[in-house]
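Chains as they are written, first to last, in this note's numbering: chain A, 43 to 128; chain D, 43 to 128; chain V, 18 to 173; chain U, 18 to 173.
Just so you know, even glycine gets a beta-carbon here, dropped at the ideal spot from N, CA and C.
Here's the structure we're looking at; comments come further down.
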Amino acid sequence: MTEIKLIYFAWVRERIGLAEERVDVPHSVATVAELASWLQGRGEEYAYAFENPAIVRAAIDRKHVKPDATIAGAREIAFFPPMTGG
Amino acid sequence: MTEIKLIYFAWVRERIGLAEERVDVPHSVATVAELASWLQGRGEEYAYAFENPAIVRAAIDRKHVKPDATIAGAREIAFFPPMTGG
Amino acid sequence: MQPRLIFRVQAEPFDLAQEVKALAAIGDDVGAVASFTGYCRSEGGRLAALELEHYPGMAEEEIGRVVQDAVTRWPLSGLTVIHRFGMMRPGDGIVLVVTASSHRTAAFEAAEFLMDYLKTRAPFWKKEHRADGSIGEWVEAKDFDDKAAERWQTLG
Amino acid sequence: MQPRLIFRVQAEPFDLAQEVKALAAIGDDVGAVASFTGYCRSEGGRLAALELEHYPGMAEEEIGRVVQDAVTRWPLSGLTVIHRFGMMRPGDGIVLVVTASSHRTAAFEAAEFLMDYLKTRAPFWKKEHRADGSIGEWVEAKDFDDKAAERWQTLG
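As structure tokens, this is what we get:
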């Protein structure tokens, strides 16, 4: 198990009901997509947040990453909807 | 003969040595290009101003025109170099 | 001369005139300054406010990356990017981009590039607050914005 | 709603902040304001001033035609064009374009279009005054500017 800080924004945050948390992630979870799918199994709120995983974006240590990015060594992983700034 | 007001700008004005003048133009002069060529015959200053007629632009009654534009009915014809505003 | 780069994420309003003046003052060879201001709209009276959430830390870093990208692509004397967060009322400025160059094309293109990239890469999210007092939806990302950002991958 | 169109030819300096504020104040649905300011440059210290000659009457009319063209092509809430004439020192603003729209692309494109057309169609001519006190050349028109203006004939 590895402890990782997870941060959620916008409706991902609202659906999960948390802005951030520290989670022990099993070593079998290797990529961002696998992490999202593992989180889905943590409860209704998570299942709702990730019901359409294709539209949830992620950042590792404050950099945008794709779903197949490896999470090894990550200190902080963020999940959020497509951005609407500007 | 038709009296037309001619106006000159930038180096066309400097070469001719006049900002504007009223000129009696023979009826045989039908287009802007013919007017430029007729003006060339009026003296050294004009010959110098129109030495390269392809780069002198014209406006009739404050609208850009091409060399083949007819001058019939014109009240005011301006000659000037390519514009460099903005 | 190194371009003068300013980028900030802040709750406070920004002052366009002040930012333009700062860039224009870089030197006598700034011939062109382009600016873009994005404002909060009422959407025909439907909205009372837009609430901007952001990812502190990443927002600054990501804007910094976009800014570096812009100065690599265009010969700029300087540029300024300010993105606000918090509650915005209709008419409030949300984002400001100012670019300075010796020539107008660089200033225009860099400003457009910055806006396109801020829209699709800067971690900000807008939530609607309706005029009737209820909290509305999270604004949905536009496919158009992704397309606008993509064009810089083949051009530039 | 008819777009608010302001265009002037003047000797006096202009105030960007004031012009942007006027356009942004048109209504709650102005989401995007783009601006462009063209400044007098010293060309690396070579110039003391640029003298702008113009064709009074035609300058206003021609800018008016370009402005009408812009509002036909893009959905604008308003736009402002101010072109100065007379003696400009390095750092002085010569031309200002401000465009307001509900969306950024219209604001950006219209501002670029206006600048490209002002460069090639507005009857203004620049004469150099050199730093050594002598009067220099008339600035030559750039082939680049004609090409920049031409692109709007196929796009748009």
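Kindly list, in the order they appear in chain V, the residues whose Cβ is closer than 8 Å to that of residue i.
| i | result |
| --- | --- |
| A:Arg-104 | Tyr-72, Gly-74, Met-75, Glu-78, Glu-79 |
Counting contacts by CB-CB distance shorter than 8 Å, is residue i in contact with chain A?
| i | result |
| --- | --- |
| V:Arg-138 | yes |
| V:Leu-113 | no |
| V:Leu-64 | no |
| V:Leu-135 | yes |
| V:Gly-173 | In this prediction, V:Gly-173 has a pLDDT of 42, which is less than 50 and means its spatial position is unreliable; nothing more can be read from the coordinates. |
I'd like to know if residue i contacts chain U, where contact means its C-beta is closer than 8 Å to some C-beta of that chain.
| i | result |
| --- | --- |
| V:Pro-107 | yes |
| V:Met-18 | no |
| D:Lys-101 | Correcting the residue type first, residue 101 of chain D is Ala in the shown sequence and not Lys. Taking Cβ atoms only, chain U reaches closer than 8 Å to D:Ala-101, which makes this a yes. |
| V:Arg-121 | yes |
| V:Phe-130 | no |
| V:Asp-86 | no |
| V:Ala-127 | no |
8 Å is my cut-off, CB to CB: does residue i come that close to chain V?
| i | result |
| --- | --- |
| U:Tyr-56 | yes |
| A:Thr-73 | no |
| A:Arg-117 | no |
| U:Gly-61 | yes |
| U:Ala-166 | no |
So residue i and residue j are supposed to be a Cβ contact under 8 Å. How far apart are they, rounded?
| i | j | result |
| --- | --- | --- |
| V:Leu-69 | V:Phe-24 | Wrong, their Cβ atoms sit about 16 Å apart, outside the cutoff. |
| D:Ile-119 | D:Ala-91 | Wrong, their Cβ atoms sit about 14 Å apart, outside the cutoff. |
| V:Ser-118 | V:Trp-91 | 7 Å |
| U:Ala-28 | U:Gly-74 | U:Ala-28 to U:Gly-74, Cβ: 15 Å. No contact. |
| V:Ala-127 | V:Ala-76 | Actually they do not touch by this definition, with Cβ atoms about 20 Å apart. |
| U:Arg-147 | U:Leu-64 | 6 Å |
When the distance is taken between beta carbons, is residue j closer than 8 Å to residue i?
| i | j | result |
| --- | --- | --- |
| U:Ala-49 | U:Arg-121 | yes |
| U:Gly-110 | U:Pro-30 | yes |
| A:Ala-52 | A:Ile-113 | no |
| U:His-71 | U:Val-26 | yes |
| D:Ala-96 | D:Val-107 | no |
| V:Gly-95 | U:Asp-45 | no |
| A:Ala-116 | A:Ile-49 | no |
| U:Phe-125 | V:Glu-129 | yes |
| U:Glu-36 | U:Thr-116 | no |
| U:Trp-169 | D:Pro-123 | no |
| U:Tyr-56 | V:Val-47 | yes |
| U:Leu-67 | U:Lys-159 | no |
| D:Ala-75 | D:Gln-82 | no |
| A:Gly-127 | V:Ala-139 | yes |
| V:Leu-33 | V:Val-83 | no |
| V:Glu-78 | A:Arg-104 | yes |
| D:Val-67 | D:Phe-121 | no |
Quick one: list the residues of chain U neighbouring residue i, beta-carbon separation under 8 Å, in chain order.
| i | result |
| --- | --- |
| D:Ala-120 | Tyr-72, Met-75, Pro-140 |
Would residue i count as contacting chain D if we go by Cβ distances under 8 Å?
| i | result |
| --- | --- |
| U:Met-104 | no |
| U:Gly-110 | no |
| U:Thr-89 | no |
So which residues on chain V does residue i lean against when the C-beta distance must stay under 7 Å?
| i | result |
| --- | --- |
| U:Gly-6 | The requested residue 6 of chain U is not part of the displayed model; chain U covers only 18 to 173. |
| U:Asp-149 | Those do not exist, as U:Asp-149 stays about 16 Å from chain V at its closest Cβ, beyond 7 Å. |
Kindly list, in the order they appear in chain V, the residues whose Cβ is closer than 9 Å to that of residue i.
| i | result |
| --- | --- |
| A:Pro-123 | Trp-142, Trp-155, Glu-157, Ala-158 |
| U:Ala-41 | Thr-54, Tyr-56, Gly-108, Gly-110 |
| U:Asp-163 | Correct list: empty, because the minimum Cβ distance to chain V is about 14 Å. |
Find the residues of chain D that neighbour residue i, judging by a C-beta separation of less than 8 Å, and give them in chain order.
| i | result |
| --- | --- |
| U:His-100 | Gly-127, Gly-128 |
Is there at least one non-hydrogen atom of the ligand MN closer than 7 Å to the beta-carbon of residue i?
| i | result |
| --- | --- |
| A:Phe-122 | The ligand MN is not among the ligands present in this structure, which contains no ligands whatsoever. |
Please confirm if residue i has its CB atom under 8 Å from at least one CB of chain C.
| i | result |
| --- | --- |
| D:Thr-112 | Among the protein chains in the structure shown, which are A, D, V and U, there is no chain C. |
**Study point:** Interface residues of the segment 23-39 of chain U facing chain V [CB-CB below 7 Å]
**Key:** Leu-33, Ala-34, Val-37
Q.
Please identify, using Cβ separations under 7 Å, the residues of the segment 52-65 of chain A that lie next to chain V, in order along the chain.
A. Closer than 7 Å at the C-beta level to chain V, one finds these residues of the segment 52-65 of chain A: Ala-52, Trp-53.
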